[in-house]
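**Q**
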Amino acid sequence: MSNDPSKDPRRDSKDGSDHDSISERYETVIGLEVHVQLGTKTKLFCACENRFGAPPNTLTCPICSGHPGVLPVPNREALRFGILAALALECDIQGHCKFDRKHYYYPDLPKGYQISQFDLPFALGGGVRLRSGKTIALERIHLEEDAGKNIHAEGHSHVDLNRAGVPLIEIVGMPEIRSSEEAHDYLESLKRSMRYAGVSECDMEKGSLRCDANISLRKHGAPEFGTKVEVKNLNSFKKVVAALEYERRRQAACLDEGRAIHQETRLFDDQAQQTRIMRSKEEAMDYRFFPEPDIPPFEITAKDIDEIRPLLPERHWERKARLMEEAALNDYDSMVLTLEKETADYFEAAWKALGPGQEEAKLTANWVMTEVLRLSNEENVPLSKLPISPEDLAALCRLIQEGKASNQAGRKVFKHMVKTGEPPAKALEALGLAQISDPAELEPLVRAVLDKSQKAIKDYFKGKKKALDAMKGGVMRETRGRANPGLVNEILLRLLEDLRED
Amino acid sequence: MKLHQLSAKEMRAKAVSGEVSPSELVDSCLEAIGRQNDLLGALISVDAEGAKARAKDLEAARARGETPGPLFGVPVGLKDNLCLEGQPMTCGSNILKGYRASYTATAVKGLLDAGAIPIGRCNMDEFAFGSSTEHSAYGPTKNPWDLERIPGGSSGGSAAAVAARMLPLTLGTDTGGSIRQPAALCGIAGLKPTYGRVSRFGLTAFGSSLDQIGPLAHRVSDLGLALQAMAGRDPKDPGTLDNAAFEAGDQAPSRLEGLKVGLPKEYLDDRVAPSILARIEAAQKTLEALGATLVPLSLPHTQYAIPAYYLVATSEASSNLARFDGVRYGNRQKAKDLEDLYLETRGKGFGEEAKRRILLGVFCLSAGYYDAYYLKALKVRTLLRQDFEKAFAEVDVIIGPTTPFPPFRLGESEADPMQLYLCDLLTAPANLAGIPGLSLPCGFDEDGLPVGLQILGPALGDETILRVAEAFENATDFHSKLPTEAVQ
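As they're listed, the protein sequences go chains H and E.
Note that our numbering has the first sequence beginning at 1, numbered continuously upward.
Note that our numbering has the second sequence beginning at 1001, numbered continuously upward.
(1) Are the Cβ atoms of H/Ile169 and H/His158 separated by less than 8 Å?
(2) Between the region 1131-1146 of chain E and chain H, which residues of the former have CB atoms less than 9 Å from a CB of the latter, in chain order?
(3) Would you check if there are 3 or more beta carbon pairs closer than 8 Å linking the region 249-261 of chain H to the region 285-298 of chain H?
(4) Using the rule of at least 16 other Cβ atoms within 10 Å of the residue's Cβ for burial, across every protein chain shown, is E/Ala1471 buried or exposed?
(5) I'd like to know if E/Gly1232 contacts chain H, where contact means its C-beta is closer than 8 Å to some C-beta of that chain.
(6) Anyone know if the C-beta pair for H/Pro68 and H/Phe45 falls short of 8 Å?
(7) Could you tell me which residues DSSP puts in a beta bridge with E/Ser1439?
(8) Counting only beta-carbon separations shorter than 8 Å, does H/His316 have a partner in chain E?
(9) Between E/Ala1433, E/Ile1188, E/Lys1079 and E/Ser1366, which has its C-alpha nearest E/Ile1213's C-alpha?
(10) Alpha helix (DSSP H) containing E/Ser1023: first to last residue?
(11) Can you confirm whether the region 476-485 of chain H touches the region 429-437 of chain H when touching is taken to mean that 3 or more C-beta pairs between the two stretches lie within less than 8 Å?
(12) CA-CA distance, E/Glu1049 and E/Ala1469?
(13) Quick one: does E/Pro1235 have its CB under 8 Å from some CB of chain H?
(14) Going by C-alpha distance, which of E/Ser1480, E/Gly1448 and E/Asp1462 is nearest E/Ile1276?
(15) How would you call H/Phe347, buried or exposed, if buried means at least 16 neighbouring beta carbons within 10 angstroms?
(16) Evaluate contact between the region 1371-1388 of chain E and the region 1145-1162 of chain E, counting only Cβ atoms and requiring at least three cross-stretch pairs below 8 Å.
(17) Could you pull out every residue in the same chain whose Cβ sits closer than 7 Å to the Cβ of H/Asp498, ignoring the five residues on either side in sequence?
(18) Are there 16 or more other CB atoms within 10 angstroms of the CB of E/Asp1387, so buried, or fewer, so exposed?
(19) Mind the definition here: the region 1063-1073 of chain E touches the region 1027-1037 of chain E only if three or more C-beta pairs lie below 8 Å; say whether that holds.
(20) Just to confirm the assignment, what range does the alpha helix (DSSP H) spanning H/Gln251 have?
(21) Any beta carbon from chain E within less than 8 Å of H/Pro107's own beta carbon?
(22) Just by C-beta distance, which residues in the region 1316-1328 of chain E are closer than 9 Å to chain H?
(23) Using 8 Å as the limit for Cβ to Cβ distance, is E/Tyr1309 near chain H?
(24) Determine the contact status of H/Lys412 and H/Arg195, defining contact as a CB-CB distance below 8 Å.
(25) Looking at H/His316 and H/Arg131, is the spacing between their C-beta atoms short of 8 Å?
(26) Which ranges would you report for the beta strand (DSSP E) in the region 1285-1331 of chain E if only whole runs of at least 3 residues count?
(27) Do H/Met417 and H/Val449 have their C-beta atoms closer together than 8 Å?
(28) Quick check for students: name the residue ranges of the beta strand (DSSP E) that lie wholly in the region 1080-1143 of chain E, counting only runs of 3 or more.
(29) Using a Cβ-Cβ cut-off of 7 Å (strictly less than) and excluding sequence neighbours within five positions of E/Ala1161, which residues of its own chain qualify?
(30) Please classify H/Leu262: does DSSP put it in a helix, a strand, or coil?
(31) Distance check for E/Leu1432 and E/Pro1406, CA to CA, integer angstroms please.
(32) Determine the burial state of E/Thr1484: buried for a count of at least 16 other Cβ atoms within 10 Å of its Cβ, exposed for fewer.
(33) Is it true that the CB of H/Ile177 sits closer than 8 Å to the CB of H/Leu32?
(34) Just to check my reading of the structure: E/Leu1297 and E/Val1395 have Cβ atoms closer than 8 Å, yes? What is that Cβ distance to the nearest angstrom?
(35) I want to verify the contact list: residues of chain E whose CB lies under 7 Å from the CB of H/Ile295, in sequence order.
(36) Short check: CB of E/Gly1361 to CB of E/Thr1345, under 8 Å?
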């Protein structure tokens, strides 16, 4: 076995030098095909419930289990969801559409064909915006039905058709992604778009978002793409990145040795963290597409689109840009606050309740990004169901802003509010945490501390800044943290200067 | 006349008046079936107990004062590719041996709602692939007029059962002529409605864009009654038309004054047997005598209909039959792995003709051939449709022979499937164009075999062709002649 690290594709992807040397030699070209399950009430072509996690084969009927004589009746809600998703990604909705049949044999495919869209998908173009500002163009989005699931256990194979017929959109991206990091960013952005539009939860663990990746390498500046390899079975963003990194190194090693890349479909093996061949180009399936004769071609009218467009909320990247602009938040904060639409909604409601300024925005943002999100995560409760409403949070922020509570006290008040549901002012009082911001009340306390701090005072005059902190800490201890720290500082400095004159 | 020899309309009238009970009608038909079916092989299975129970239910409903439906008490047969919940459905194939339908076809439900009593399942070519009913896993059906001959197909069982007067009314399905051709060869009437008029929900698909369910009967008026019970927009079939509903007229017309009857020269050329052409000429004279005007015309793309039909039909069939894999239902063979399961189940489950058609269809749809075959066939379809549109701008109906030749002897066509495919020459164009067509008896050839007259109408012109057929029937007595005494 060669010791040349570039020839061993199993090497750790974190190895920076290897990474760089491949990047110097080759440009990586990636295109992703993403399947998103639409969260409709019922399946795409029958009235069965569209729900994850039910006991096997309890959400089936003659239609989705492919009995003789059944016919598919398109679900209008699924088309609406699809259009909403396409609008979220700025696609062109197509007026004239049809369904086609895609044939292959597998036990989880009840009819022996999947109803999909071949040459007349319902949406073309559009794009996915990356954080960098780069947009990855989309080729198309089409609507199709999901297959069931094969379950292998104890030497037997079982088929669960609960998922068969669930509506999917397949979002086909152009080969414009240039690194696994961009691929990850693409998926994050796409997922956010779908969740904002409310068409899918995009939960990869439940299979409501699935990804296949096409990847090839080429010399920098080469006019043609290299031979691409398709990688399947990527059921987490982490696996997408790992598989792409592995493939990139495998292909680079191949090319370095002057061997050809074979056009093939590979499977990602999570255990081995490797891709392995699933089928070659020669074994590629002939799906025998032809127009679905059971469903007449259909039109999506401008009126249909006009009715759906108002249902599309502000897109996540639009919202992020607006928050950066209106609230003067930095890139990171605005990104965190717009990860989920619910978070952005919560933040904006609290901000609006607190006040219009950018200072209020920053204060609110800090609280949402820390205490509020932590609470939501720890309790596993969506923001809309938190015991603290955006208005409650605004009231708490106001106490802090007005100097009636310190940040530290604020956090205790927050916890108390969660426990009791009391409004912030009352919680503050109940906890005895109201901040002491009255100089007349604070000065005697500071004097008392100074009286007991002769050594610290000496140190302070010798230039030891830490001595000041110790005295400040003394005041805070005396007041159990309720003293307004700014004011304490001010008084301390003034009194110390008086002492220096002595 | 024995009860089982009555028309559906006559049976209903007697049942409603109380002259006979539905139970008596059922018993009479069961008696005729018991006497003749072993000889003819028209019915694959008979549900005597179910039929008797349903007759009792109908009688009880009547006694409660419920209004009797337009097919009240009428025993019917269903082609074995139509779903009736809980009943076996084999489609004439081994692969569905033991299968029971889990729901009821919309068309069948229409008949039930009208008061009909399903009595048995009619034999058919496997999955409706054929024109002879020889390609059934349950044995061939024989022609009641000559037991040595085929009854036509694929709805051969439905036609033979009516011709032998086992049942007054049966349902068949017509993809390229599978109702009209056996109706013609068995000397009865059969209707293929306009595509989209009768829901296909619950019909095991063969050629989805061509299939239509339709009735077979010995009287034309019964076709109208059955169509009325079945037709209508069905939310379960997106292919049904908004204005699919149909109402049968009460009054049988006696004259056809002002009717323009098209005579396409392509349907009357030397590909058609002289004995048949002679009967069609006589039929033209009958129509003329009824006041109709004959208009010679041309349907220039007729010659492309057969290749186009076989490309479309087999392509769709190959796709539609992909679901029969032994995984979820049907006759699964023992296998060592997944691929073996498919090979064994489908290899043993399908007969030769089914395999031939699946292979043809798979080939047509394969990458690189799609454009040359399927897409080309769709273009031919458009041309054929335009042929008919132009013709129906000039005439009200088009007539011609239903079949180019009289029924083969059993086994005769096996050596040359192409010969059998030509049976669809005159019927497949209507399926490709989606227009309605019917066949009714217009005489007998020198061997005493029935000859069928085909009447085609424009889309949704079902009412027109039924009216013309009924007028013709009233003016002739071919419908009243019964086949050989052995099978009455």
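Note that beta-carbon positions come from the ideal geometry of N, C-alpha and C, so glycine has one too.
In this text, all values refer to a predicted model and were calculated from it rather than measured experimentally.
**A** Judging by the given coordinates:
(1) Taking a C-beta distance under 8 Å as the contact criterion, H/Ile169 and H/His158 do not qualify as a contact pair.
(2) Taken residue by residue, none of the region 1131-1146 of chain E has a beta-carbon sitting less than 9 Å from a beta-carbon on chain H.
(3) Too few Cβ pairs lie closer than 8 Å, so no.
(4) Classification for E/Ala1471: buried.
(5) E/Gly1232 does not count as touching chain H.
(6) In this structure, H/Pro68 keeps its C-beta atom at 8 Å or more from the C-beta atom of H/Phe45.
(7) Partner(s): E/Gly1190 and E/Gln1454.
(8) The beta carbon of H/His316 sits no closer than 8 Å to any beta carbon of chain E.
(9) Selected option, being the one with the closest Cα: E/Lys1079.
(10) Looking at the DSSP string, the run of the alpha helix (DSSP H) that includes E/Ser1023 is Pro1022 to Leu1040.
(11) Yes, the region 429-437 of chain H is in contact with the region 476-485 of chain H.
(12) Rounded to the nearest angstrom, the two C-alpha atoms are 36 Å apart.
(13) Yes, because at least one Cβ of chain H sits closer than 8 Å to the Cβ of E/Pro1235.
(14) Shortest Cα-Cα distance from E/Ile1276 to any of E/Ser1480, E/Gly1448 and E/Asp1462 involves E/Gly1448.
(15) By the C-beta density criterion, H/Phe347 is buried, having at least 16 other C-beta atoms within 10 angstroms.
(16) Cβ pair count under 8 Å is below three, so no.
(17) Shown here for H/Asp498: not one same chain residue has a beta carbon closer than 7 Å to its own, the five before and five after excluded.
(18) Within 10 angstroms of the beta-carbon of E/Asp1387 lie 16 or more other beta-carbons, which makes it buried.
(19) The region 1063-1073 of chain E is not in contact with the region 1027-1037 of chain E.
(20) For H/Gln251, the enclosing alpha helix (DSSP H) begins and ends at Phe237 to Asp256.
(21) With 8 Å as the cut-off, H/Pro107 counts as an interface residue toward chain E.
(22) Look at the region 1316-1328 of chain E: the residues with a C-beta under 9 Å from a C-beta of chain H are Glu1316, Ser1318, Ser1319, Asn1320, Leu1321, Ala1322, Arg1323, Phe1324, Asp1325, Val1327 and Arg1328.
(23) Closer than 8 Å: no.
(24) Result no, Cβ atoms of H/Lys412 and H/Arg195 do not sit closer than 8 Å.
(25) The criterion of a C-beta distance shorter than 8 Å is not satisfied by H/Arg131 and H/His316.
(26) With a minimum length of 3 residues, the continuous beta strand (DSSP E) runs that stay inside the region 1285-1331 of chain E are 1293-1297.
(27) Between H/Met417 and H/Val449, the C-beta gap is not smaller than 8 Å, which leaves the two residues out of contact.
(28) For the beta strand (DSSP E) assignment, the uninterrupted runs of no fewer than 3 residues enclosed by the region 1080-1143 of chain E are, from N- to C-terminal side, 1117-1122.
(29) Once the five neighbours on either side are set aside, the close Cβ partners of E/Ala1161 are Ala1042, Leu1043, Gly1077, Cys1122, Leu1167 and Thr1170.
(30) For the record, residue 262 of chain H in the displayed sequence is His; it is not Leu. Residue state, collapsed to three classes: coil.
(31) Their Cα atoms are separated by approximately 24 Å.
(32) Exposed: under 16 other Cβ atoms inside 10 Å.
(33) Contact: yes.
(34) About 7 Å separates the Cβ atoms of E/Leu1297 and E/Val1395, confirming a contact at the 8 Å cut-off.
(35) Listed along chain E are Pro1238, each with a C-beta nearer than 7 Å to that of H/Ile295.
(36) By the CB criterion at 8 Å, E/Gly1361 and E/Thr1345 fall outside the cutoff.
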